[in-house]
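Colleague:
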Amino acid sequence: MMRVLIADDNPVSRELVRDILEPNGYEVIEAEDGVAALRKIEEEYPDAVLLDIEMPRLNGYQVIQRLREDPRFADLRVAAFTAYAMKDDREKALAAGFDDYITKPVSPAVLRTLIARLVA
């Protein structure tokens, strides 16, 4: 079973991702902030990660920077999961080391397609 970590300080966003992905055969792991995300990534090594940009303690950019600096996570597939929807925001996220970018609110079909692409 493929495992996806959703790191978002909004419990409704985490629940939405869980509700979309679990019926499609994914195990969903949750983290409520950037520090918890790094801990769960080290403990669980998920197949893909959705990282909110604006989180307490460590934001998504700080988390992706730490992941990309650590050789253990060189192949970990990580998408920015954010309410920021401007073209420059996408380019900034990809330049920072994210593999993909998805905006909230997200449709179930778009999220399933993104995750399938990340874990392929």
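Under the working numbering, think of the first position of the sequence shown as 23, with each following residue one higher.
Built from N, CA and C at the ideal position, the CB exists for glycine as well.
State the CB to CB distance for the pair L98 and L89, rounded to an integer number of angstroms; the pair is presumed to be in contact (CB under 8 Å).
Modeller: Yes, they are in contact, since the Cβ atoms of L98 and L89 sit about 6 Å apart, within 8 Å.
Colleague: May I ask you to report which of helix, strand or coil DSSP gives F103?
Modeller: Reduced to three states, the DSSP call for F103 is strand.
Colleague: If distances are taken between C-alpha atoms only, which option among P78, R40, S35, L43 comes closest to A105?
Modeller: Checked all of P78, R40, S35, L43; the closest Cα to A105 is S35.
Colleague: Which residue from K62, L140, P127 puts its Cα closest to that of V39?
Modeller: Measuring from the Cα of V39, the nearest candidate turns out to be P127.
Colleague: If I follow the unbroken alpha helix (DSSP H) through Y83, where does it start and stop?
Modeller: 82 to 91 is the extent of the alpha helix (DSSP H) around Y83.
Colleague: If we ignore side chains and look at the alpha-carbon of each, how far apart do L136 and R94 end up?
Modeller: Distance between the alpha carbons of L136 and R94: 23 Å.
Colleague: Look at V100 and L60 and say whether their C-beta atoms are less than 8 Å apart.
Modeller: Not in contact: V100 and L60 (Cβ atoms no closer than 8 Å).
Colleague: Along the chain, where does the beta strand (DSSP E) that runs through L73 open and close?
Modeller: Note, L73: beta strand (DSSP E), 70 to 73.
Colleague: Taking the C-alpha atoms as reference points, what is the distance between G56 and K62?
Modeller: G56 and K62: Cα-Cα distance of roughly 10 Å.
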